[in-house]
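First the structure, in the form of structure tokens, and then the observations on it.
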Amino acid sequence: MTITHIDYTELAIKIKQWGRELGFAEVGITDIDLSEHEAQLQRWLDKGYHGEMDYMAAHGMKRARPAELVPGTQRVISVKMNYLPPDASFARALGNKHTAYISRYALGRDYHKVLR
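Okay, structure coming up:
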């Protein structure tokens, strides 16, 4: 099968199915035209909202232009992974006024490591 004969709709369905099989809560596939969001991204960067994520400022507008960040990009595949497993028991500790609390996202495995 050559690339000209690929059924892109079927490919998108399969990518989403594979994502669910891998344990992702959601899988999205989008176009790469983010030009309407460039001004908002620039204001966000100018205000320093990226904190210690220096790569955000270093990449600048490439964050709004995926094909410049990764040449040849045609679509962006995004996945959603829940921070905690369904059986997480963090809520039980909330009733104890003598207990320190840890943010929910910090209780699960680091999603950067999971995705790798």
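Each residue of the sequence shown is one higher than the one before, counting from 1 in full-length UniProt numbering.
Quick reminder that beta carbons are idealized off the backbone N, C-alpha and C, glycines included.
Counterpart residues of residue i in DSSP-defined beta bridges
i, result
"Glu26", "Lys80"
Assigned secondary structure, residue i (DSSP; H/G/I helix, E/B strand, else coil)
i, result
"Ala100", "coil"
"Gly19", "helix"
"residue 159", "Since the displayed the chain opens at 1 and closes at 116, residue 159 lies outside it and no answer follows."
"Glu10", "helix"
Cβ-heavy atom distance, residue i to the ligand GTP, below 6 Å
i, result
"Met56", "Among the components of this structure there are no ligands whatsoever, and the ligand GTP is therefore not found."
Cβ pair residue i, residue j closer than 7 Å
i, j, result
"Leu69", "Lys80", "no"
"His37", "Ala57", "no"
Inset, instruction - Answer yes if the stretch 72-85 comes into contact with the stretch 26-41, meaning at least three C-beta pairs across the two stretches below 8 Å, and no otherwise. - result: yes
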